[in-house]
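Visitor: Residue numbers (our numbering): 3 to 255.
My structure is below; once you've seen it, I'll send some questions.
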Amino acid sequence: RLREVHEVHRHMQAVFLSRDRGIISVYDPLFKQASAATGWDWKLIAAQCYQESGFDPNARSWAGARGLMQLMPRTAADLGVAAEQVGDPQTNVAAAARLIRKLSGQLADVPDANERIKFVLASYNGGIGHVRDAMALARKYGRDAHRWDEVAPYILGLQSPQYYRDPVVKHGYMIGSETAGYVQSILSRWQGYGGRVLLSRAPVLPETSGGQSAPSRGPEVGKGSKAPRKNKYSSGMRIMSPDDPEFNQMQQP
3 RLREVHEVHR
13 HMQAVFLSRD
23 RGIISVYDPL
33 FKQASAATGW
43 DWKLIAAQCY
53 QESGFDPNAR
63 SWAGARGLMQ
73 LMPRTAADLG
83 VAAEQVGDPQ
93 TNVAAAARLI
103 RKLSGQLADV
113 PDANERIKFV
123 LASYNGGIGH
133 VRDAMALARK
143 YGRDAHRWDE
153 VAPYILGLQS
163 PQYYRDPVVK
173 HGYMIGSETA
183 GYVQSILSRW
193 QGYGGRVLLS
203 RAPVLPETSG
213 GQSAPSRGPE
223 VGKGSKAPRK
233 NKYSSGMRIM
243 SPDDPEFNQM
253 QQP
């Protein structure tokens, strides 16, 4: 029998199981354990979980990511989680906490803890290699590579050949609008849950040398060229730029 695949339907507003009692979900105890392991506010982890799976432990992406925190099979294995345990809520959230802690260590060069959260979220979604590429681009163009607001435009820029073919870029094309939207949505929801967060402004594409903004769509695939590799969040989604009105509506707490 085929395993049922649960689609995630997310509300734009922060969801509570019981707002009056401050209960976000039945998994709050797991988020609080993850908070102790990561040093993050448990409400931030809850916001990330909602973005990942809508609090559905049976959620599965088209690429095979599973569980509350949508762990990919290889990532789960690297974190010491057996395939049959990935769907277990406690195991899944605990493994995600280990991944968050690992990414935080890899991004220790970002000195401000609040800024580092944004880079870790982006890396969790899009991969740390792509985030490092965007940081390298920001540095090349005279921006502060340790401030998310100055790096996020280059996350978007990695959709454009001008940027993903730059010599400083090591990991190529990414669907940057997804990762930028992922970070913005989680921060907004965290604020809705009562987190103390300074929301980042929605990023815009960097200016090209000719004064024109880089295109927001992915590269054209010509004869003899390979289609850019999609990430696990790509299938079945409409890719929205931060300039899209619906994207801006999603940022309302």
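The beta-carbon is built from N, C-alpha and C at its ideal position, and this holds for glycine as well.
Starting from I157, follow its DSSP beta bridges and name the residues at the other end.
Guide: Numbered from its first residue, the sequence shown carries residue 157 at position 155. I157 is bridged by DSSP to nothing; it lacks a bridge partner.
Visitor: How long is the line joining the alpha carbons of S55 and W42, rounded to whole angstroms?
Guide: For the purposes of this step, residue 55 is taken as residue 53 along the sequence shown, with counting starting at 1. For the purposes of this step, residue 42 is taken as residue 40 along the sequence shown, with counting starting at 1. Cα to Cα, S55 sits roughly 19 Å from W42.
Visitor: If you draw a straight line from the C-alpha of S125 to the C-alpha of Q92, how long is it?
Guide: For the purposes of this step, residue 125 is taken as the residue at position 123 of the sequence shown. For the purposes of this step, residue 92 is taken as the residue at position 90 of the sequence shown. Distance between the alpha carbons of S125 and Q92: 22 Å.
Visitor: Does the distance from the C-beta atom of L81 to that of R100 stay below 7 Å?
Guide: Numbered from its first residue, the sequence shown carries residue 81 at position 79. Numbered from its first residue, the sequence shown carries residue 100 at position 98. Yes, Cβ-Cβ distance for L81 and R100 is below 7 Å.
Visitor: If you drop the 5 nearest sequence neighbours on each side, which residues of the same chain put their C-beta closer than 6 Å to that of G131?
Guide: Taking the sequence shown and counting its residues from 1, one reaches residue 131 at position 129. Contacts found: H173.
Visitor: I think G159 touches K45, with their Cβ atoms under 8 Å apart; what is that distance to the nearest whole Å?
Guide: The count along the sequence shown starts at 1 and reaches residue 159 at position 157. The count along the sequence shown starts at 1 and reaches residue 45 at position 43. No, G159 and K45 are not in contact; Cβ-Cβ is about 31 Å, not under 8 Å.
Visitor: How would you call I25, buried or exposed, if buried means at least 16 neighbouring beta carbons within 10 angstroms?
Guide: As a first step, residue 25 is located in the sequence shown; it is residue number 23 there, counting from the start. It is exposed - the Cβ of I25 has fewer than 16 other Cβ atoms within 10 Å.
Visitor: I need the DSSP call for S188, collapsed to helix, strand or coil.
Guide: What you label residue 188 is simply residue 186 of the sequence shown in a count that begins at 1. One point to set straight first is that residue 188 is Ile, not Ser, in the sequence displayed. The answer is helix: DSSP assigns I188 an H, G or I state.
Visitor: Please state if the CB of L139 and the CB of Y166 are separated by a distance shorter than 7 Å.
Guide: By 1-based counting over the sequence shown, the position of residue 166 is 164. By 1-based counting over the sequence shown, the position of residue 139 is 137. No. Outside cutoff.
Visitor: Can you tell which of Q35, Q50, A38 and V28 has its C-alpha closest to the C-alpha of I188?
Guide: For the purposes of this step, residue 188 is taken as residue 186 along the sequence shown, with counting starting at 1. The option with the nearest alpha carbon to I188 is Q50.
Visitor: Are there 16 or more other CB atoms within 10 angstroms of the CB of P208, so buried, or fewer, so exposed?
Guide: Here residue 208 refers to the residue found at position 206 when the sequence shown is read from its first residue. Buried, by the Cβ-count rule.
Visitor: Which residues does DSSP pair with R62 in a beta bridge?
Guide: In the sequence shown, the residue the question calls residue 62 occupies position 60. Answer by DSSP bridge pairing, in chain order: R68.
Visitor: Label R62 either buried or exposed according to how many other C-beta atoms from any shown protein chain fall within 10 Å of its C-beta, with 16 as the threshold for buried.
Guide: On the sequence shown, residue 62 is found 60 positions in, with the first residue counted as 1. Buried.
Visitor: DSSP puts L105 in a beta bridge; with which residues?
Guide: Counting from one through the sequence shown, the residue named residue 105 turns up at place 103. Note: L105 sits in no beta bridge, so no partner.
Visitor: Within this structure, are the beta carbons of L32 and V95 separated by less than 7 Å?
Guide: Residue mapping note: residue 32 aligns to position 30 of the sequence shown, counting from 1. Residue mapping note: residue 95 aligns to position 93 of the sequence shown, counting from 1. Cβ atoms of L32 and V95: closer than 7 Å.
Visitor: Can the beta-carbon of G144 be found closer than 7 Å to that of I157?
Guide: The residue labelled residue 144 in the question sits at position 142 within the sequence shown. The residue labelled residue 157 in the question sits at position 155 within the sequence shown. Result no, Cβ atoms of G144 and I157 do not sit closer than 7 Å.
Visitor: Spatial neighbours of S106 within its chain, please: CB distance less than 6 Å, with the 5 preceding and 5 following residues excluded, ordered by chain position.
Guide: Here residue 106 refers to the residue found at position 104 of the sequence shown. Excluding sequence neighbours, S106 sits near V122.
Visitor: How long is the line joining the alpha carbons of S37 and A48, rounded to whole angstroms?
Guide: If you number the sequence shown from 1, residue 37 lands on position 35. If you number the sequence shown from 1, residue 48 lands on position 46. Taking the straight line from one Cα to the other gives about 10 Å.
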